[in-house]
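The next block holds one structure in the form of structure tokens; read it before the comments.
Numbering (the numbering used here), first residue to last: -1 to 862.
Below you can see the structure in the form of structure tokens.
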């Protein structure tokens, strides 16, 4: 007989009878479509799924002799057994009846007949397919089992720890580098004792601690972090030895929230504060004496590569500049230099003391370079290349040079030029400028001041009368010798000559009392720089103009910042035209200057001087006039007190009684004693301003434009209450004169409604003219109410002011108001101010009082 293989054709039984006893085949036969050959069980009758014929009673039993149940012991009736010869059951021994067979197809079952398989009921192994209900139940059970697992897997984890959480708790800073600043100032809330800087992506975070409680008083306190992002002092805003590309400022007052502002520097002039542009706001929190803040600067800054300088300030003046430079990753080294002279005389070989202080980490000092003059060479006692200074400790060194061999009176200078270390380093203090053994017999302008010991000093009275110590005059003197005039000024010991301010911005409290991220009631006063100005007025020849009790003919004009003089000029007075450059030097809080006789009229008699100092906020200190000796036998003219020289962003407006006509003729007499500003030395334009109590008069000679054109124009812009810091408002004004060829000149008036300049407004009483003589010029008469918002502005009243001049021949615009003026951004404008003229009272009284006495005497004689 042919061997029956394990194939799918099944007939009433199972092939392969030689298999294990009771099992014919590995496959199961089906009877009448019932799975597993069940009779009276749960099966499928005639192919019907879930058909139940004579179904099980009482469930599934597992004990002998169950009726209508499934048993697993011998002798089951109507059950499924596993012993030989089951009837109508599932047998696994030879000759199953109505069971599972594999020969020539199934009888009364679903099998493989002639090789055809019923596809919907069995898989390839003969297993029964799962019903949709079972599948659904299984899926539901699986879902219920997996639901808690998925919940656990998908449950959001705890939020990642923030790099710095600005919440006022300060615990985040325990893992950051903290820098100590040991210098102190008397103003405890502005005295920063510790600080730190950190960066993450585009965010910069700052921390500081002060000696006094923050937000504890009504005045505005300010804290600034200047950031040099490229570690290049030749780019960015100059402050404390770095070139800052960014500044983040936090400021507030008692009862306010902190205001945080981030700005980016975009100019080429490193002393031009106006080149900072606001790029966003930030957040800050404080508690007690601690403050933390954060701001997005729009660029990823890397700790270790940046340099940060922390500064505190009052409403309008610098308070403290912290010595350490911070990079946020490493510590810092501070090198403090102190001269070893006695009253300007150095008598031994010791020139400087250097104190090296390591902050936050051990520091390796690789090199120290000394700049010197007068001595052949210098050496540093106590220093060796690569020396280490432990964190929190200091090392003291001495710079020496061969002074003993020098002639008496030889100028000796020494200072630290540079330091190379494993951390950022800062050089603070003052270098040596002194004379060997004794002072010379003649004055020299060299930054050493022992040669002034024999000159009479005049104390300023009252003393300490100016809030800014950098311009608070303490003493002054003048002498003349060897064909030169010499002038001397010393300032408050807490200040520095031409110290300036690092942030020429005025912050004031909001009248609403609240703070907020946007700054609310602050007022930003635009200035080109935070420089200080010293002017020494000279009365050297007959004639001159009255100012400060003298009749001045000349003016020494000095401007500077960060302890250095940037401008040293001699000007005529009152014209304030440039005569030439002169010599001037500073040393700490002292200043000396020289003017050759040949430049001040070759005086044959004695000379008088009057000194005036001014800071960026127009705070001023003045002296009483002093003389090298009296001037006799000369009659001087007495006129109105002249105003100070205008700048590119500030001008006072003198009150004059000149006769003026707004027409197409330029007359110099109309501008006599007016405020004058010469842009680029007068090469581009001259600006003249004055008022007569009714109108402001503005005259502009465009010396760069020698051709009249119908497209030429000049526009004056006024912020009448000086409060707008962004776009113009309805209260602001623009006055335009167009076409220097036509008669009359075309004119239009505008206001700033909706933030744009809108024409068509009616302004009575104003007039303008433009024409050309040697140069194109413009003349304006503007009612004072259109400039200051009131008909009679008081002394000290300020208005925002800008000028836009267009030269059609060269397609060039020239501006006044700052180095980068935008006529729709009022924060870039300058200012006009009504000054005080106390000296005018004297000549008026000299006229009025005699007349009154004369008339009184006449009346008495008549009545007598």
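Where is the CB? At the ideal position from N, CA and C, for every residue including glycine.
Predicted, not measured: the structure shown is a model, and the values here were computed from it.
Can the beta-carbon of residue i be found less than 9 Å from the beta-carbon of residue j?
i           : j           : result
residue 558 : residue 498 : yes
residue 210 : residue 185 : yes
residue 331 : residue 354 : yes
residue 489 : residue 589 : yes
residue 450 : residue 431 : no
residue 259 : residue 279 : yes
residue 789 : residue 781 : yes
residue 187 : residue 208 : yes
residue 225 : residue 295 : yes
residue 433 : residue 448 : yes
residue 189 : residue 318 : yes
residue 705 : residue 754 : no
residue 664 : residue 769 : yes
Evaluate residue i with the Cβ neighbour count: other Cβ atoms within 10 Å of its Cβ, from every protein chain shown; 16 or more gives buried, anything less gives exposed.
i           : result
residue 624 : buried
residue 143 : exposed
residue 556 : buried
residue 60  : Only weak support is given to the placement of residue 60: the predicted model assigns it a pLDDT of 43, under 50, and the question is left unresolved by the model.
residue 230 : exposed
residue 771 : exposed
residue 675 : buried
residue 697 : buried
residue 532 : buried
residue 140 : exposed
residue 692 : exposed
residue 563 : buried
residue 199 : exposed
residue 137 : exposed
residue 579 : exposed
residue 372 : buried
residue 157 : For residue 157, the predicted structure reports a pLDDT of 49, less than 50, and the residue's modelled location is therefore unreliable. A value from the coordinates is still provided. Label assigned to residue 157: exposed.
Counting along the chain, where does the alpha helix (DSSP H) carrying residue i start and finish?
i           : result
residue 814 : Counting along the chain, residue 814 falls outside any alpha helix (DSSP H), though it belongs to the beta strand (DSSP E) covering 810 to 814.
residue 785 : 783 to 786
Taking the C-alpha atoms as reference points, what is the distance between residue i and residue j?
i           : j           : result
residue 386 : residue 194 : 23 Å
residue 110 : residue 131 : Low per-residue confidence applies at residue 110: pLDDT is 45, beneath 50, and the placement is therefore not dependable, though the value from the model is reported in the following sentence. Taking the straight line from one Cα to the other gives about 26 Å.
residue 364 : residue 262 : 33 Å
residue 293 : residue 751 : 33 Å
residue 134 : residue 145 : 16 Å
residue 455 : residue 607 : 13 Å
residue 422 : residue 181 : 18 Å
residue 651 : residue 414 : 45 Å
residue 569 : residue 302 : 48 Å
residue 703 : residue 736 : 14 Å
residue 655 : residue 730 : 27 Å
residue 264 : residue 234 : 8 Å
residue 29  : residue 148 : No answer about residue 29 holds up, because its pLDDT of 39 lies below 50 and its placement is not dependable.
residue 257 : residue 312 : 15 Å
With residue i as the anchor, note down where its beta strand (DSSP E) starts and where it stops.
i           : result
residue 333 : 330 to 337
residue 357 : 348 to 357
residue 594 : 588 to 594
residue 597 : Here residue 597 belongs to no beta strand (DSSP E), and DSSP marks it neither H nor E.
residue 533 : 530 to 537
residue 768 : 765 to 770
Select from the options the residue whose C-alpha is nearest the C-alpha of residue i.
i           : options            : result
residue 505 : 677, 316, 664      : 316
residue 725 : 780, 824, 761      : 824
residue 832 : 441, 796, 341, 560 : 796
residue 323 : 486, 304, 453      : 304
residue 408 : 392, 374, 418, 382 : 374
residue 688 : 800, 701, 671      : 671
residue 700 : 712, 708, 694      : 712
residue 205 : 219, 290, 272, 165 : 290
residue 269 : 565, 575, 720      : 565
residue 745 : 649, 753, 395, 714 : 714
residue 808 : 707, 285, 311      : 707
residue 660 : 653, 694, 649, 681 : 694
residue 250 : 536, 453, 543, 212 : 212
residue 800 : 742, 791, 811      : 811
Give a yes or no on whether 9 Å exceeds the smallest Cβ distance from residue i to chain D.
i           : result
residue 139 : The structure shown has no chain D; it contains just one protein chain.
Shorter than 8 Å, the distance from the beta carbon of residue i to the closest heavy atom of the ligand FMN, or not?
i           : result
residue 765 : Ligands displayed in this structure: none; no statement on the ligand FMN is therefore possible.
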